[in-house]
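Asks:
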Amino acid sequence: YRAKATRSGHHVVATADDNHGEDRLRTLEDLRAAIAEGQLVLHYQPKISLTTNVLHGVEALVRWNHPTRGLLYPEAFLALVEEAGLMHELTDVVLGLALDQAGIWQGQGRPLTVAVNLSASSLVDSDLPERVDRMIASRGLPSSTLMVEITEEFLMADRDRAKDILPRLRTNGVRVSVDDFGTGYSSLAYLRELPIDELKLDRSFMLPMLEDARASALVASTIDLAHSLGLTMVAEGVENGSAIDELARFGCDQAQGFHLSRPVPAGQLELWLLQRGTDVPVR
Ligand code: C2E
Ligand code: MG
Ligand code: MG
Ligand code: MG
Numbered sequence: 332y333r334a335k336a337t338r339s340g341h342h343v344v345a346t347a348d349d350n351h352g353e354d355r356l357r358t359l360e361d362l363r364a365a366i367a368e369g370q371l372v373l374h375y376q377p378k379i380s381l382t383t384n385v386l387h388g389v390e391a392l393v394r395w396n397h398p399t400r401g402l403l404y405p406e407a408f409l410a411l412v413e414e415a416g417l418m419h420e421l422t423d424v425v426l427g428l429a430l431d432q433a434g435i436w437q438g439q440g441r442p443l444t445v446a447v448n449l450s451a452s453s454l455v456d457s458d459l460p461e462r463v464d465r466m467i468a469s470r471g472l473p474s475s476t477l478m479v480e481i482t483e484e485f486l487m488a489d490r491d492r493a494k495d496i497l498p499r500l501r502t503n504g505v506r507v508s509v510d511d512f513g514t515g516y517s518s519l520a521y522l523r524e525l526p527i528d529e530l531k532l533d534r535s536f537m538l539p540m541l542e543d544a545r546a547s548a549l550v551a552s553t554i555d556l557a558h559s560l561g562l563t564m565v566a567e568g569v570e571n572g573s574a575i576d577e578l579a580r581f582g583c584d585q586a587q588g589f590h591l592s593r594p595v596p597a598g599q600l601e602l603w604l605l606q607r608g609t610d611v612p613v614r
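Residue numbers (the UniProt record's numbering): 332 to 614.
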């Protein structure tokens with residue numbers, strides 16, 4: 332295999348483009364096995380309130396615990412999952428794992444919201460809302476336990492399907508977040524029509540926000556825009572304390588990023604909570 336350093340700094344061993352012939356077939360076989368045999372694991376990254384400093388919820392991020400290649404990050408295999416037509420299966424596994432974990436936290440008196448990422452193909456998965464409802468109900472969880480994140484790019488690419496699926500997801504209380512917001516050229520009119528709860532400001536805004544007055548004005552007005560539409564604003568990719576201060580000054584609601592915590596296994600998140608000395612609010 333070929334080693335590759337990615338934008339996010341993770342070391343991955345292969346991407347979809349790197350695979351040819353036999354290699355590729357083996358990878359596909361591996362992928363089917365991974366999904367069916369429990370090699371997918373979730374890491375969780377906290378979303379912190381900038382006003383109360385309290386932990387609101389977590390984002391679940393998939394990793395592939397490969398038997399010989401070690402821990403693989405989404406960038407190394409998600410494109411292949413999509414290409415192989417296995418994304419529905421992956422999404423169901425991830426939803427199951429995330430909701431199981433939410434149930435464990437609930438049992439510990441920590442009613443955390445768990446956010447799960449959906450892909451473009453989730454928008455054409457017309458049974459998804461019913462499956463999601465069943466998965467939540469079978470665990471006896473409140474529907475507000477789950478949030479789904481879908482990128483602005485995917486929403487814009489398939490507006491009609493988004494307008495079908497999202498309201499059905501929200502009917503029973505699942506919340507919807509627009510991921511990587513600010514990179515996908517949404518129109519204001521469309522945003523207003525979309526049944527959504529939260530915007531996640533893309534992490535590409537974080538550094539310019541601290542270095543450039545116009546970038547910082549853009550972030551401030553985007554936060555105001557979210558609020559004027561009644562949406563919660565979350566900043567992602569927060570890597571330092573100055574970004575936190577600036578976002579708080581602009582009235583941003585929540586933040587997520589390496590400065591607060593990297594995505595970690597559930598057990599480590601619980602340790603992080605204990606060390607931090609604050610716990611979740613009573614809802
Ligand atoms: P995303 O949903 O935008 O997730 C945020 C990504 O940014 C994560 O990368 C996270 O580890 C990384 N990140 C968090 N804080 C920081 C920071 O302060 N600085 C920097 N540089 N990066 C930060 P990850 O886990 O590699 O995931 C990449 C993407 O893969 C996700 O982007 C999401 O689009 C996708 N993904 C992850 N899990 C799933 C899944 O279960 N299903 C689907 N369909 N997509 C997933
Ligand atoms: Mg996300
Ligand atoms: Mg994002
Ligand atoms: Mg992203």
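Using N, Cα and C, we set each Cβ at its ideal position, and we do this for glycine too.
The structure displayed is predicted, hence computed values, not measured ones.
Given the structure, does D361 come close to ligand 2, in the sense that its CB is under 6 angstroms from one of the ligand's heavy atoms?
Replies: Your numbering for residue 361 matches position 30 in the sequence shown. No.
Asks: Can you give the Cα-Cα distance for T502 and W603, rounded to whole angstroms?
Replies: Counting from one through the sequence shown, the residue named residue 502 turns up at place 171. Counting from one through the sequence shown, the residue named residue 603 turns up at place 272. Between T502 and W603, the C-alpha separation is close to 34 angstroms.
Asks: Please tell me whether P526 and L497 are closer than 7 angstroms, where the distance is taken between their beta carbons.
Replies: Looking up residue 526 in the sequence shown gives position 195. Looking up residue 497 in the sequence shown gives position 166. Yes, they are a contact pair.
Asks: Using a Cβ-based criterion (distance less than 6 angstroms to any ligand heavy atom), does L392 qualify as near ligand 1?
Replies: Looking up residue 392 in the sequence shown gives position 61. Yes, Cβ of L392 sits closer than 6 angstroms to a heavy atom of ligand 1.
Asks: Buried or exposed, going by whether 16 or more other CB atoms sit within 10 Å of the CB of V455?
Replies: Looking up residue 455 in the sequence shown gives position 124. With fewer than 16 other Cβ atoms within 10 Å, it is exposed.
Asks: With H, G and I counted as helix, E and B as strand and the rest as coil, what does DSSP make of G561?
Replies: Residue mapping note: residue 561 aligns to position 230 of the sequence shown, counting from 1. Three-state result, G561: coil.
Asks: Would you say S535 touches ligand 1, meaning its beta carbon is less than 6 angstroms from a heavy atom?
Replies: Position 204 of the sequence shown holds residue 535. Checking every heavy atom of ligand 1 against the Cβ of S535, none is found closer than 6 angstroms.
Asks: Counting Cβ pairs closer than 8 angstroms, one from the segment 536-554 and one from the segment 516-525, do we hit at least three?
Replies: At 8 angstroms Cβ cutoff, the stretches do not touch.
Asks: Ordered along the chain, which non-local residues of its own chain (more than five positions away) have a Cβ less than 8 angstroms from that of Y375?
Replies: Start at 1 with the first residue of the sequence shown, and residue 375 comes out as number 44. So the qualifying residues of the chain are V389, E390, A391, L392, Q432, V445, P594, V595, P596, A597, L600.
Asks: Would you mind listing the alpha helix (DSSP H) stretches within the segment 403-477 that are 4+ residues and don't spill past its ends, in chain order?
Replies: As far as the segment 403-477 is concerned, its whole alpha helix (DSSP H) runs of at least 4 residues are 405-414, 418-438, 459-469.
Asks: Once DSSP output is grouped into helix, strand and coil, what is the label at S573?
Replies: Position 242 of the sequence shown, counting from 1, holds the residue named residue 573. If DSSP states are grouped into helix, strand and coil, S573 belongs with the helices.
Asks: Determine the DSSP secondary structure at E542, reduced to helix, strand or coil.
Replies: Working through the sequence shown from its first residue, we reach residue 542 at position 211. Of the three classes helix, strand and coil, the one that applies to E542 here is helix, per DSSP.
Asks: Is T482 helix, strand or coil by DSSP?
Replies: Counting from 1 along the sequence shown, the entry for residue 482 is found at position 151. Strand at T482.
Asks: Tell me the rounded alpha-carbon separation between T563 and A557.
Replies: The residue you call residue 563 lines up with position 232 of the sequence shown. The residue you call residue 557 lines up with position 226 of the sequence shown. T563 and A557: Cα-Cα distance of roughly 7 angstroms.
Asks: Please state the DSSP three-state secondary structure of L371.
Replies: For the purposes of this step, residue 371 is identified with residue 40 of the sequence shown, where counting begins at 1. Of the three classes helix, strand and coil, the one that applies to L371 here is strand, per DSSP.
Asks: Would you say D528 touches ligand 2, meaning its beta carbon is less than 6 angstroms from a heavy atom?
Replies: Looking up residue 528 in the sequence shown gives position 197. Not so, every heavy atom of ligand 2 lies at least 6 angstroms from the Cβ.
Asks: Return yes when at least one heavy atom of ligand 1 lies under 6 angstroms from the C-beta of E570, else no.
Replies: The residue given as residue 570 occupies position 239 in the sequence shown. True, at least one ligand heavy atom lies under 6 angstroms from that Cβ.
Asks: Shorter than 6 angstroms, the distance from the beta carbon of residue 669 to the closest heavy atom of ligand 2, or not?
Replies: Only positions 332 to 614 of the chain appear in this structure, which leaves residue 669 out of reach.
Asks: Can you confirm whether the segment 377-385 touches the segment 565-581 when touching is taken to mean that 3 or more C-beta pairs between the two stretches lie within less than 8 angstroms?
Replies: Contact between the segment 565-581 and the segment 377-385 is present, because at least three Cβ pairs lie under 8 angstroms.
Asks: When burial is assigned at 16 or more other CB atoms within 10 Å of the CB, is A544 buried or exposed?
Replies: The residue labelled residue 544 in the question sits at position 213 within the sequence shown. Classification for A544: exposed.
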